[in-house]
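Participant:
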Amino acid sequence: PRVPRRSSASDDDTTMAEEYLSSLGFSPAELQKVKLRYQQRFEPDVEKIIKPLLQWFADLGMTDRAVRKVVVKFPMVLRSRLEETSKPVVLWLRGLGMDDSQVAK
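So the number in this note's numbering is just where the residue sits in the sequence shown, counting from 1, plus 1.
#1: So for Thr16, helix, strand or coil by DSSP?
#2: Kindly give me the distance between the Cβ atoms of Leu54 and Leu79, rounded to whole angstroms, as I take these residues to be in contact under 8 Å.
#3: Closest by CA to Thr15, which one among Asp101, Arg42, Ser81, Leu25?
#4: Report yes or no: do the segment 70-78 and the segment 24-44 share at least 3 C-beta pairs separated by less than 8 Å?
#5: Contact defined as beta carbons within less than 8 Å: I believe Glu20 pairs with Arg69. What is the distance between those atoms, to the nearest angstrom?
#6: For Ser8, does the three-state DSSP call read helix, strand or coil?
#7: What is the residue span of the alpha helix (DSSP H) that Gly96 lies within?
#8: So, for Val71: in the same chain, excluding its five sequence neighbours on each side, which residues have a beta-carbon less than 8 Å away from its beta-carbon?
#9: Would the C-beta of Val104 count as close to the ligand NAD, meaning under 7 Å from any of its heavy atoms?
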């Protein structure tokens, strides 16, 4: 199921995903970039997609800044489940010897 939006008829209403990312320190400018790059309505499931992904990034030792950088640069990471794409890609990059800052680039 999709995360419900707050009731509003406009196209620019804030989703629960945006509210959650904002509560984690994402700036309005960062959120705008995420929405523009996401390529569809920005409504990823907070509980099933966003929280597990961000927790996994933190468990890898990535800083909050590095996590924000990854999400802003590649918001498509929020479109799929952790096990399907994010883990294999990040593990592959780290296996190549990249540190967190390089992975975030």
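We treat Cβ as the ideally placed atom computed from N, Cα and C, and that holds for glycine.
Facilitator: So, from the listed chains and residues:
#1: strand
#2: 7 Å
#3: Arg42
#4: yes
#5: In fact, because the Cβ distance is near 16 Å, the residues do not count as touching under 8 Å.
#6: Residue placement at Ser8 is poorly supported in this model, since its pLDDT is 38, which falls under 50; the coordinates are not used for a value here.
#7: 88-96
#8: Phe58, Met63, Val78, Val104, Ala105
#9: As for the ligand NAD, it is missing from this structure, which has no ligand bound.
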